[in-house]
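Engineer:
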Amino acid sequence: MQSEAVVERVRILTDRIDRLPAPGAVAIRLFEVTSSSTAGIDEVVSVLAAEPALASRILSLCRRCNQDLVQKVETLEHAVVLLGFDEIRSAALSIEICGLLGRDPELAIAVDLRRHAVITASIARTLVARIDGISNLEPSAAFLAGLLHDLGHLVLASVIPGPMA
1 MQSEAVVERV RILTDRIDRL PAPGAVAIRL FEVTSSSTAG IDEVVSVLAA
51 EPALASRILS LCRRCNQDLV QKVETLEHAV VLLGFDEIRS AALSIEICGL
101 LGRDPELAIA VDLRRHAVIT ASIARTLVAR IDGISNLEPS AAFLAGLLHD
151 LGHLVLASVI PGPMA
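Counting in our numbering, the sequence shown runs without a single skipped number right up to 165 at its last residue.
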(Lines of atoms letter the chains of each structure in order from A and count residues from 1; the text may use other names and numbers.)
(Lines give C-alpha, C1' and ligand atoms only; values in the text may rest on other atoms or scores of the structure.)
Protein backbone atom coordinates (compact mmCIF):
# COMPACT_ATOMS: atom_id res chain seq x y z
CA MET A 1 0.00 0.00 0.00
CA GLN A 2 2.76 2.42 0.92
CA SER A 3 4.64 1.68 -2.31
CA GLU A 4 1.52 2.61 -4.31
CA ALA A 5 1.44 5.98 -2.54
CA VAL A 6 5.11 6.55 -3.33
CA VAL A 7 4.57 5.64 -6.98
CA GLU A 8 1.61 8.02 -7.17
CA ARG A 9 3.62 10.84 -5.56
CA VAL A 10 6.48 10.31 -8.04
CA ARG A 11 3.97 10.36 -10.93
CA ILE A 12 2.49 13.65 -9.69
CA LEU A 13 5.96 15.20 -9.34
CA THR A 14 7.09 14.09 -12.80
CA ASP A 15 3.89 15.52 -14.29
CA ARG A 16 4.73 18.88 -12.70
CA ILE A 17 8.26 18.86 -14.13
CA ASP A 18 6.75 19.27 -17.60
CA ARG A 19 5.58 22.73 -16.49
CA LEU A 20 9.08 24.02 -15.80
CA PRO A 21 10.20 26.86 -18.07
CA ALA A 22 12.28 25.77 -21.03
CA PRO A 23 15.04 27.62 -22.86
CA GLY A 24 13.91 29.61 -25.86
CA ALA A 25 14.35 28.42 -29.42
CA VAL A 26 16.94 31.14 -30.13
CA ALA A 27 19.12 30.07 -27.19
CA ILE A 28 18.95 26.44 -28.28
CA ARG A 29 19.77 27.36 -31.89
CA LEU A 30 22.66 29.59 -30.76
CA PHE A 31 24.08 26.72 -28.71
CA GLU A 32 23.90 24.44 -31.76
CA VAL A 33 25.46 26.97 -34.12
CA THR A 34 28.30 28.02 -31.82
CA SER A 35 29.08 24.36 -31.13
CA SER A 36 29.33 23.52 -34.83
CA SER A 37 32.74 23.37 -36.47
CA THR A 38 31.24 24.56 -39.76
CA ALA A 39 29.35 27.64 -38.53
CA GLY A 40 30.47 31.08 -39.57
CA ILE A 41 30.21 34.51 -37.99
CA ASP A 42 27.27 35.45 -40.23
CA GLU A 43 25.27 32.47 -39.00
CA VAL A 44 25.90 33.31 -35.33
CA VAL A 45 24.99 36.95 -35.96
CA SER A 46 21.81 35.88 -37.74
CA VAL A 47 20.73 33.76 -34.77
CA LEU A 48 21.55 36.53 -32.29
CA ALA A 49 19.67 39.10 -34.37
CA ALA A 50 16.50 37.00 -34.05
CA GLU A 51 16.39 37.83 -30.33
CA PRO A 52 16.94 41.59 -29.83
CA ALA A 53 17.08 41.41 -26.03
CA LEU A 54 19.78 38.75 -26.14
CA ALA A 55 21.69 40.62 -28.85
CA SER A 56 21.60 43.77 -26.73
CA ARG A 57 22.92 41.94 -23.66
CA ILE A 58 25.74 40.38 -25.72
CA LEU A 59 26.71 43.81 -27.11
CA SER A 60 26.63 45.28 -23.62
CA LEU A 61 28.82 42.48 -22.28
CA CYS A 62 31.31 42.94 -25.11
CA ARG A 63 31.49 46.68 -24.52
CA ARG A 64 32.16 46.18 -20.82
CA CYS A 65 34.86 43.59 -21.50
CA ASN A 66 36.55 45.76 -24.11
CA GLN A 67 36.27 49.27 -22.68
CA ASP A 68 39.85 50.11 -23.55
CA LEU A 69 39.40 49.50 -27.28
CA VAL A 70 39.93 52.51 -29.51
CA GLN A 71 37.07 51.44 -31.76
CA LYS A 72 33.74 51.12 -29.97
CA VAL A 73 31.84 47.85 -30.41
CA GLU A 74 28.78 48.86 -32.43
CA THR A 75 27.74 45.70 -34.29
CA LEU A 76 26.97 42.10 -33.48
CA GLU A 77 29.58 41.05 -36.03
CA HIS A 78 32.26 42.95 -34.13
CA ALA A 79 31.08 41.51 -30.80
CA VAL A 80 31.15 37.95 -32.15
CA VAL A 81 34.67 38.43 -33.53
CA LEU A 82 35.94 39.93 -30.25
CA LEU A 83 34.28 37.45 -27.91
CA GLY A 84 34.48 34.30 -30.02
CA PHE A 85 31.98 31.48 -30.29
CA ASP A 86 32.75 29.91 -26.90
CA GLU A 87 32.22 33.15 -25.00
CA ILE A 88 29.10 34.00 -27.02
CA ARG A 89 27.69 30.55 -26.20
CA SER A 90 28.57 30.85 -22.50
CA ALA A 91 27.16 34.36 -22.22
CA ALA A 92 23.95 33.50 -24.06
CA LEU A 93 23.40 30.39 -21.96
CA SER A 94 24.06 32.35 -18.77
CA ILE A 95 21.56 35.00 -19.78
CA GLU A 96 18.98 32.37 -20.71
CA ILE A 97 19.43 30.18 -17.62
CA CYS A 98 19.40 33.18 -15.28
CA GLY A 99 16.23 34.35 -16.98
CA LEU A 100 14.64 30.95 -16.48
CA LEU A 101 15.67 30.87 -12.82
CA GLY A 102 14.08 34.24 -12.19
CA ARG A 103 10.73 33.77 -13.94
CA ASP A 104 8.78 32.41 -10.98
CA PRO A 105 8.42 35.17 -8.38
CA GLU A 106 7.20 32.65 -5.79
CA LEU A 107 10.52 30.82 -5.87
CA ALA A 108 12.64 32.67 -3.32
CA ILE A 109 15.35 30.11 -3.95
CA ALA A 110 15.66 31.31 -7.55
CA VAL A 111 17.58 34.49 -6.70
CA ASP A 112 20.13 32.67 -4.56
CA LEU A 113 20.34 29.80 -7.02
CA ARG A 114 20.96 32.18 -9.92
CA ARG A 115 23.78 33.95 -8.06
CA HIS A 116 25.29 30.65 -6.96
CA ALA A 117 25.08 29.21 -10.49
CA VAL A 118 26.89 32.14 -12.09
CA ILE A 119 29.61 32.20 -9.42
CA THR A 120 30.14 28.44 -9.68
CA ALA A 121 30.22 28.61 -13.48
CA SER A 122 32.80 31.40 -13.43
CA ILE A 123 35.00 29.55 -10.95
CA ALA A 124 34.75 26.31 -12.95
CA ARG A 125 35.76 28.07 -16.17
CA THR A 126 38.68 29.83 -14.46
CA LEU A 127 39.94 26.63 -12.84
CA VAL A 128 39.84 24.65 -16.08
CA ALA A 129 41.57 27.46 -17.95
CA ARG A 130 44.36 27.63 -15.35
CA ILE A 131 44.87 23.89 -14.96
CA ASP A 132 46.16 23.38 -18.47
CA GLY A 133 47.15 19.85 -19.38
CA ILE A 134 45.38 18.13 -16.49
CA SER A 135 41.98 18.03 -18.10
CA ASN A 136 40.81 17.85 -21.68
CA LEU A 137 37.70 19.80 -20.68
CA GLU A 138 37.15 23.11 -22.44
CA PRO A 139 36.64 26.17 -20.19
CA SER A 140 33.27 26.85 -21.85
CA ALA A 141 32.10 23.30 -21.04
CA ALA A 142 33.20 23.75 -17.43
CA PHE A 143 31.27 27.02 -17.35
CA LEU A 144 28.11 25.28 -18.58
CA ALA A 145 28.54 22.45 -16.07
CA GLY A 146 28.91 24.96 -13.25
CA LEU A 147 25.89 26.89 -14.46
CA LEU A 148 23.65 23.82 -14.53
CA HIS A 149 25.04 21.78 -11.64
CA ASP A 150 22.29 22.66 -9.16
CA LEU A 151 19.36 22.85 -11.57
CA GLY A 152 17.75 19.98 -9.66
CA HIS A 153 17.19 22.36 -6.74
CA LEU A 154 15.06 24.55 -8.99
CA VAL A 155 13.10 21.52 -10.15
CA LEU A 156 12.45 20.47 -6.56
CA ALA A 157 11.51 24.01 -5.51
CA SER A 158 9.10 24.20 -8.43
CA VAL A 159 7.34 20.91 -7.78
CA ILE A 160 7.61 20.64 -3.98
CA PRO A 161 6.85 23.99 -2.37
CA GLY A 162 8.26 24.79 1.03
CA PRO A 163 11.29 23.60 2.96
CA MET A 164 11.32 20.16 1.29
CA ALA A 165 12.98 21.68 -1.79
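No residue lacks a Cβ here, since even glycine has one placed at the ideal position from N, Cα and C.
1. Tell me the rounded alpha-carbon separation between K72 and V10.
2. Would G146 be called buried (16 or more neighbouring beta carbons within 10 Å of its own) or exposed?
3. Can you name the start and end residues of the alpha helix (DSSP H) that V33 belongs to?
4. Considering Cα atoms alone, identify which of D132, N136, I131, H116 is closest to H149.
5. Which one of L59, R114, D86, A55 has the shortest CA to CA distance from A39?
6. Near C98, which residues of its chain fall below 8 angstroms by C-beta distance, leaving aside the five closest residues on each side in sequence?
7. Can you tell which of I88, V6, A121 has the C-alpha that lies nearest to the C-alpha of A49?
8. Beta-carbon within less than 7 angstroms of G84's beta-carbon, same chain only, minus the 5 sequence neighbours each way: which residues are those?
9. Evaluate T34 with the Cβ neighbour count: other Cβ atoms within 10 Å of its Cβ, from every protein chain shown; 16 or more gives buried, anything less gives exposed.
10. How big is the Cα-Cα spacing for V111 and I12?
11. Find the nearest neighbour of D26 within the set S140, R130, A92, judged by alpha-carbon distance.
12. Using 8 angstroms for Cβ pairs, my map puts F143 next to S90. What's the rounded Cβ distance?
13. Does I58 pass the burial test, meaning 16 or more other C-beta atoms within 10 Å, or should it be called exposed?
14. Can you give the Cα-Cα distance for P52 and R63, rounded to whole angstroms?
15. Skipping 5 residues on each side, what residues in its chain have a beta carbon closer than 8 angstroms to that of T120?
16. In terms of residues, what are the limits of the alpha helix (DSSP H) holding V44?
Structural biologist: With the given structure in hand:
1. Here residue 72 refers to the residue found at position 72 of the sequence shown. Here residue 10 refers to the residue found at position 10 of the sequence shown. Answer to the nearest angstrom: the Cα atoms are 54 angstroms apart.
2. Walking along the sequence shown from the start, residue 146 turns up at place 146. Classification for G146: buried.
3. Here residue 33 refers to the residue found at position 33 of the sequence shown. It spans 25-35 - the alpha helix (DSSP H) in which V33 sits, taken as one unbroken run.
4. Position 149 of the sequence shown, counted from the start, is the residue given in the question as residue 149. Comparing Cα-Cα distances from H149 to each of D132, N136, I131, H116, the minimum goes to H116.
5. Counted from its first residue, the sequence shown places residue 39 at position 39. Cα-wise, what sits closest to A39 is D86.
6. Here residue 98 refers to the residue found at position 98 when the sequence shown is read from its first residue. For C98, where only same-chain residues beyond five positions count, the Cβ hits under 8 angstroms are R114, A117, V118.
7. To locate residue 49, count along the sequence shown from 1; it is residue 49. Nearest of I88, V6, A121 to A49, Cα basis: I88.
8. For the purposes of this step, residue 84 is taken as residue 84 along the sequence shown, with counting starting at 1. Hits under 7 angstroms: none found.
9. As a working note, residue 34 is residue 34 in the sequence shown. Buried: at least 16 other Cβ atoms inside 10 Å.
10. If you number the sequence shown from 1, residue 111 lands on position 111. If you number the sequence shown from 1, residue 12 lands on position 12. Cα to Cα, V111 sits roughly 26 angstroms from I12.
11. Residue 26 sits at position 26 when you count from the first residue of the sequence shown. Note on residue identity: the sequence assigns Val, not Asp, to residue 26. Nearest C-alpha to V26: A92.
12. As a first step, residue 143 must be located in the sequence shown, where it is residue number 143. As a first step, residue 90 must be located in the sequence shown, where it is residue number 90. Indeed, because the Cβ distance is near 5 angstroms, the residues count as touching under 8 angstroms.
13. By one-based count along the sequence shown, residue 58 stands at place 58. Buried is the call here.
14. The residue you call residue 52 lines up with position 52 of the sequence shown. The residue you call residue 63 lines up with position 63 of the sequence shown. If you take the alpha carbons of P52 and R63, they lie about 16 angstroms apart.
15. Residue 120 sits at position 120 when you count from the first residue of the sequence shown. The residues are G146, L147, H149, D150.
16. Your numbering for residue 44 matches position 44 in the sequence shown. Segment 41-49, the alpha helix (DSSP H) holding V44.
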